[in-house]
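Participant: Position 398, counted from 1, in the sequence shown is what our numbering calls 398; the numbers after and before it change by one each time, with no gaps.
Don't be surprised by glycine CBs; every beta carbon is placed ideally from N, CA and C.
Okay, here's the structure, questions in a sec.
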Amino acid sequence: MIRRIARDSLFALLVLASVFIREANAISQELPSQYVRERWGDDGGLHGEVYSITQTGDGYLWIGTEKGLFRFDGSKFFPMTAQGPAAVPIIQVPGLLVDGQGNLVVRLPERNLLRYANGAFENTLSSLQPRELAITAMAQANDRALLVSGLSNGTLRYSGGRFETLVPVTALPASPIISLAQSTDGRIWMGTRDAGLFYAEQGRVTRVTKGLPGRRINSLLAVGTDVWIGTDAGVARWNGTEVTADGVPLLLRRSPALAMMRDRHSNLWIGATSGLLRMNPQGVASLQGRESNAGAPVNAVFEDREGNLWSGGPWGIERLSDGGFTTYGRAEGLPSDRNGAIFADSEGRTWFAPIEGGLYWLKEEQRERVTEAGLGSDIVYSIGGGKDGLWVGRQRGGLTHLYSQGGKLTAENFTQAQGLAQNSVYSIYQSRDGTVWAGTLSRGVSKLQGGRITTYSAADGLASNTVNSILESSDGTMWFATPDGLRSLSNGRWRKYNVRDGLPGDAVTCLSEDSRGVLWIGTSGGLAFFSGGVIQTPRRTSELLHGQIFGVVEDRTGWLWVVTSEQVVHVNRDRLLLGALTDGDLREYGVDDGLRSGEGIRRDRSVVVDPQGRIWISMTNGLSVTDPAQLADRTVPAIVHILSISADSRPIDVHSASKVPSPPGRLTFVYSGLSLRNPDRVRFRYQLDGYDRRWSEVTAAHEATYTNIGPGSYRFRVIASNADGVWNPEETVVGLEIAPFFWQTWWFRLSVVSTFGLGMLALYRLRLHQVRTHLNRIFEERLAERTQIAQELHDTLLQGFLSASMQLHVVADRLPEDSPAKQPLSGVLELMRRVIDEGRNTVRGMRSSPDAARDLQQAFSRIRDELDLPDDVGFRVIVGGQARPLHPILRDEVYRIGREALVNAVQHSGAKNIEVELEYKHKELRLLVRDSGSGIDPQVMRSRREGHSGLEGMRERAERIGGRLHVYSSATAGTEVELTVPSRVALNPDR
């Protein structure tokens, strides 16, 4: 079970049962109550007595116990074991260190010194000869190499995977060395189990006996050339020439020390048999709490990279964190845990008034109660002041002026008897000209100036006779906060402000002006500010600033401290004014930071800044103080680790190039941000490149889940911020390759497209074959019909005409030459001859001819004679490509279309040049009839009427044979009639 204490009193139980030990050498009573304590034991997942603590560069804390090795990420303990057939059991871990390469070194009781690197343990002693029986101590050398001492090989230096003998075992005492250190002068210090202290210098070993409190040296700490010596009988110090007790407080001289450590602030921490001690120039403090480990031994002490102090013993492990706030209450000697108004004067004193009554001041180690003018028995509502002293507003005693006279505190009282509006003074302010304003509980505000008292009430312009806060702005305007709004008084004129003027709430609770002249207004509905003559509410701000505001003050860094009814907020003033707050511009403080309560007190001036720049806050539980400059130094970022990746609950290796065999329905990334000081406040942002367009919103979740991620290459990036909102500058990135399903691969898609294309081509060819077959069948049927008709014409009509013609010839031959019937009969015979010739031509045309292609060319060539073209009209037939046999029916239709176009050109265009172009292409048969005449009437072209040009008939013939007819005509360029017929239709498949 994890036990958390918001702020340990730290002085409730001391060795010898005193709150604090005061010695002749002036041990300090400065309260270290800024430390926040948290402890883990068996219930928290850590098992066994703690022997050693360290931290590796990746941010993990390592704890060695009597039951094994544990890794800690701030929330969970992970037992660590060596893997492999030759793995060494890690059962008891008396020592831990980090070597110069940043690897963890684990000291085990017998014959094993393990190094943990790249996720695996290896035994560094495997190459050491003679074989080492046991490593009994280890420490870090000045050059970050490893110093070890063993029973078989003496004292060694380990670096780069190699051991170097510093002191052979023959030069050492028989008693095992149990502690090591190296001072800056190069001496190697060795503490034994029962033979005292030794040091090695330039190959020579010297024994130190004089001045040692005891012969068992549990711990050595080198500080420059000095060495602190922790023994079973107490602590001593080597001052460069001898062991002495000088500079060692009496408490340490008598405290058996098990471990020692010096932190970044030069505090000396001692793990003693009676608990944890801290020593600094101000003295020694015992940092024991009311936990079950009070008075129990501390075996290990360690400071991590964030400045947290870790101690361990039989009870488990404990963290002391500098919360940033020091809190005073009853446990620290104050009369009450609940305080009201506070005031910091120019002499470094902080005045405070407990809610139960009375007035006190605090300065360093001094605390004093003020009893003058009955203040000790009255409740103080407000405290203000200036160069002439302190002004105190009381519940029953009116207004009291405290000032120093002759080195003695003197009090002067003002009540209703002297003209004060009321004896209950709730708020006080002294303006720059020395005028004192006293706001009462229900009678308005009184003005003390030049020995006169003037009172203003609601009848004079105040919003209410209850005045919560008073302030003079930099332009000399007086401001008054009341439950019914805000009022200003300037040059004798009052002006009112309420919700309609921009206030978030009518009840105004506090006022403050910053260094830029901006007036900050705390109300029951949140924070507002007055600038440029207008009251405004900060835009796009946190919900933390929308509750009741009890106090506002600006610190030296330009940030605002805002105390509300529920929390203390530190916010960037400039970004707040711009309405552009980001994640690092606002910080909430609570019990994890040294406060005993997050709730503010509703009093005039419940938060103030002192001359040293420290912020004092009066809370419902304690009087707290913090130094913003020190808070600004806490910039150690969290270290981010991507712990695991899973695709549909299947784990994926994080450390190698991660590959997912197929797109998952659910892809999960689990990560952590190591900030041991306050892991619950670590926040994250992440982005999956290739999927997310922008970074995620800030989240406290430790995993990110994506669904329906397609195949491709991705990069998961994550960053974290620590408890103070400091984001780590470097992203933690892991690459991910998601393989597609086989139906998502390019070859599958290509095969599908190819198959589809081939299928469509097959369908197209099938359709062409069907169309061609259908047309061929039609053509063959028509050809058969024409052949039959030709045979019938030849056998009947032509034969009849020939018989009649022959008989007429017989008759004509018998007629005398001068017969009148001779000439008409000869004309009839000539007509019958022409009819018979035309009939023969028709019959011949209806039959298929081996020279069908040549017939088409010749047929067009004969048209000139048939149409009897004038000699000045040019006419030619051009044939392109390899002539091929055509369907007889189609050939005739082509001829008729071409002949019709030629007839139109001769009869209607008046052309001087006529061309017929017959082109046999691979894919089509093309006929082009071109003339240079006057063109076709555009009206005929638009209406597609035949008129005298036969265009519609030509189009119908073209459609019947599966061709296309295009007519291009212009009055200046003549007319072109183009017929195209696909080869698959035009060609005769039988030839």
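In angstroms with no decimal places, state the Cα-to-Cα distance between GLN168 and THR184.
Facilitator: As a position in the sequence shown, residue 168 is number 168, starting the count at 1. As a position in the sequence shown, residue 184 is number 184, starting the count at 1. Sequence inspection shows Pro at residue 168; the Gln mentioned does not correspond to that position. Distance between the alpha carbons of PRO168 and THR184: 22 Å.
Participant: Cutting at 7 Å between CB atoms, please list the residues of its own chain near GLU599, excluding the five before and the five after it.
Facilitator: The residue given as residue 599 occupies position 599 in the sequence shown. Only SER565, GLU566, MET619 and THR620 meet the Cβ criterion.
Participant: When the distance is taken between beta carbons, is VAL568 closer than 8 Å to ILE617?
Facilitator: As a first step, residue 617 is located in the sequence shown; it is residue number 617 there, counting from the start. As a first step, residue 568 is located in the sequence shown; it is residue number 568 there, counting from the start. For ILE617 and VAL568, yes; Cβs fall inside 8 Å.
Participant: At 3 residues or longer, and completely inside the segment 122-151: list those beta strand (DSSP E) runs for me, N to C.
Facilitator: Counting only runs of 3 or more, we get 135-140 and 146-150.
Participant: Taking the beta carbon of THR975 as the centre, do at least 16 other beta carbons fall within 10 Å, making it buried, or is it exposed?
Facilitator: Locating residue 975 in the sequence shown gives position 975, where the first residue counts as 1. Buried: at least 16 other Cβ atoms inside 10 Å.
Participant: Please give the ranges of any beta strand (DSSP E) in the segment 706-766, keeping only runs that are unbroken, at least 3 residues long and fully inside the region.
Facilitator: Runs of the beta strand (DSSP E) inside the segment 706-766: 712-721 and 732-738.
Participant: Apart from the five residues on each side of it in sequence, which residues of its chain come closer than 6 Å, Cβ to Cβ, to GLU122?
Facilitator: Position 122 of the sequence shown holds residue 122. So the qualifying residues of the chain are ARG115.
Participant: Would you report the Cα separation of PHE801 and LEU979, rounded to the nearest angstrom?
Facilitator: Start at 1 with the first residue of the sequence shown, and residue 801 comes out as number 801. Start at 1 with the first residue of the sequence shown, and residue 979 comes out as number 979. Whole-angstrom Cα-Cα distance: 38 Å.
Participant: According to DSSP, LEU104 sits in a beta bridge with which residue or residues?
Facilitator: Looking up residue 104 in the sequence shown gives position 104. VAL98 and TYR116, per the DSSP bridge assignment.
Participant: Select from GLY526, GLY376, GLU49 and GLU959 the residue whose C-alpha is nearest the C-alpha of ILE317.
Facilitator: The sequence position of residue 317 within the sequence shown is 317, counting from 1. The candidate whose alpha carbon is nearest that of ILE317 is GLU49.
Participant: Counting only runs of 3+ residues fully inside the segment 678-704, write out the beta strand (DSSP E) ranges in chain order.
Facilitator: Qualifying beta strand (DSSP E) stretches, in chain order: 683-689.
Participant: What is the residue span of the alpha helix (DSSP H) that VAL609 lies within?
Facilitator: Position 609 of the sequence shown, counted from the first residue, corresponds to residue 609. It is not in any alpha helix (DSSP H) - VAL609 instead sits in the beta strand (DSSP E) that spans 607-609.
Participant: Using the C-alpha atoms, what's the distance from GLY735 back to GLU332?
Facilitator: Counting from one through the sequence shown, the residue named residue 332 turns up at place 332. Counting from one through the sequence shown, the residue named residue 735 turns up at place 735. Distance between the alpha carbons of GLU332 and GLY735 is about 54 Å.
Participant: In the DSSP assignment, find the unbroken beta strand (DSSP E) run with PRO982 in it and report its ends.
Facilitator: Within the sequence shown, the letter at position 982 stands for residue 982. Its beta strand (DSSP E) spans residues 974-982.
Participant: Answer with buried or exposed for LEU856, where buried requires no fewer than 16 other C-beta atoms within 10 angstroms of its C-beta.
Facilitator: For the purposes of this step, residue 856 is taken as the residue at position 856 of the sequence shown. Buried, by the Cβ-count rule.
Participant: Considering only residues of the segment 516-596, which uninterrupted beta strand (DSSP E) runs meet the minimum length of 3 residues and lie entirely inside it, listed in chain order?
Facilitator: Segments of the beta strand (DSSP E) lying fully in the segment 516-596: 519-523, 526-531, 534-536, 549-554, 559-564, 568-572 and 586-589.
Participant: Does GLN55 pass the burial test, meaning 16 or more other C-beta atoms within 10 Å, or should it be called exposed?
Facilitator: Here residue 55 is taken as the residue at index 55 of the sequence shown, counted from 1. GLN55 should be labelled buried.
Participant: Inspect the beta-carbon positions of MET954 and GLU900 and report whether they are closer than 8 Å.
Facilitator: As a working mapping, residue 954 is identified with position 954 in the sequence shown. As a working mapping, residue 900 is identified with position 900 in the sequence shown. Result yes, Cβ atoms of MET954 and GLU900 sit closer than 8 Å.
Participant: Buried or exposed for ILE63, please, with buried defined as at least 16 other CB atoms from any protein chain shown within 10 angstroms of its CB.
Facilitator: The residue labelled residue 63 in the question sits at position 63 within the sequence shown. Buried, since its Cβ has 16 or more Cβ neighbours within 10 Å.
Participant: Hey, quick one: how far does the beta strand (DSSP E) through ASN280 stretch, first residue to last?
Facilitator: Reading the sequence shown from its first residue, position 280 is the one you call residue 280. First-last of the beta strand (DSSP E) with ASN280: 275-280.
Participant: With 16 other CB atoms within 10 Å as the buried threshold, where does VAL811 fall?
Facilitator: Numbered from 1 along the sequence shown, position 811 holds the residue referred to as residue 811. Its Cβ having fewer than 16 others within 10 Å, VAL811 is exposed.
Participant: If the criterion is Cβ atoms closer than 8 Å, does the pair GLY419 and SER474 meet it?
Facilitator: Here the question's residue 419 lines up with position 419 in the sequence shown. Here the question's residue 474 lines up with position 474 in the sequence shown. No, the Cβ-Cβ distance between GLY419 and SER474 is not below 8 Å.
Participant: Is ILE914 near GLY962, with beta carbons less than 8 Å apart?
Facilitator: Residue 914 sits at position 914 when you count from the first residue of the sequence shown. Residue 962 sits at position 962 when you count from the first residue of the sequence shown. The answer is no: Cβ separation not under 8 Å.
Participant: Can you check which of these residues, ARG634, ASP592, ASP574 and TRP559, is closest to ILE615 by C-alpha distance?
Facilitator: The residue labelled residue 615 in the question sits at position 615 within the sequence shown. Looking at the Cα atoms, TRP559 is the closest of the given residues.
Participant: Which one or two residues does DSSP pair with HIS401 in a beta bridge?
Facilitator: Numbered from its first residue, the sequence shown carries residue 401 at position 401. Bridge partners of HIS401: TRP391 and GLU412.
Participant: Grouping DSSP H, G and I as helix and E and B as strand, with all else coil, what is TYR60?
Facilitator: As a position in the sequence shown, residue 60 is number 60, starting the count at 1. Coil.
Participant: Determine the direct distance from the alpha carbon of ARG157 to that of GLU201, and round the result to whole angstroms.
Facilitator: As a first step, residue 201 is located in the sequence shown; it is residue number 201 there, counting from the start. As a first step, residue 157 is located in the sequence shown; it is residue number 157 there, counting from the start. Approximately 14 Å between the Cα atoms of the pair.
Participant: Indicate the three-state DSSP secondary structure (helix, strand or coil) for VAL370 in the structure shown.
Facilitator: As a working note, residue 370 is residue 370 in the sequence shown. Reduced to three states, the DSSP call for VAL370 is strand.
Participant: Which residue comes first and which comes last in the alpha helix (DSSP H) that contains ARG262?
Facilitator: Within the sequence shown, numbered from 1, the residue matching residue 262 stands at position 262. Per DSSP, ARG262 belongs to no alpha helix (DSSP H); it is in the beta strand (DSSP E), 257-262.
Participant: Can you pull the DSSP bridge partners for LEU987?
Facilitator: To locate residue 987, count along the sequence shown from 1; it is residue 987. The partner list for LEU987 (beta bridge, DSSP) reads LEU886.
Participant: In three-state DSSP terms, what is HIS774?
Facilitator: Counted from its first residue, the sequence shown places residue 774 at position 774. In the structure shown, HIS774 sits in a helix (DSSP, three-state: H, G or I).
Participant: Provide the residue span of the beta strand (DSSP E) that contains GLU917, from first to last.
Facilitator: In the sequence shown, the residue the question calls residue 917 occupies position 917. Note, GLU917: beta strand (DSSP E), 913-920.
Participant: Classify ILE217 as buried or exposed, calling it buried when 16 or more other Cβ atoms lie within 10 Å of its own Cβ.
Facilitator: One-based indexing of the sequence shown puts residue 217 at position 217. Classification of ILE217: buried, given that the 10 Å Cβ count is 16 or more.
Participant: Distance check for GLU368 and ASP610, CA to CA, integer angstroms please.
Facilitator: Counting from one through the sequence shown, the residue named residue 610 turns up at place 610. Counting from one through the sequence shown, the residue named residue 368 turns up at place 368. Rounded to the nearest angstrom, the two C-alpha atoms are 18 Å apart.
Participant: For ILE383 versus ILE355, is the C-beta distance shorter than 8 Å?
Facilitator: Here residue 383 corresponds to residue number 383 of the sequence shown, with the count starting at 1. Here residue 355 corresponds to residue number 355 of the sequence shown, with the count starting at 1. Contact: no.
Participant: Among the residues of its own chain, which have a CB less than 6 Å from the CB of MET260, if the five just before and after it don't count?
Facilitator: For this step, residue 260 is matched to residue 260 along the sequence shown. For MET260, where only same-chain residues beyond five positions count, the Cβ hits under 6 Å are SER219, LEU221, TRP228, GLY230 and ILE270.
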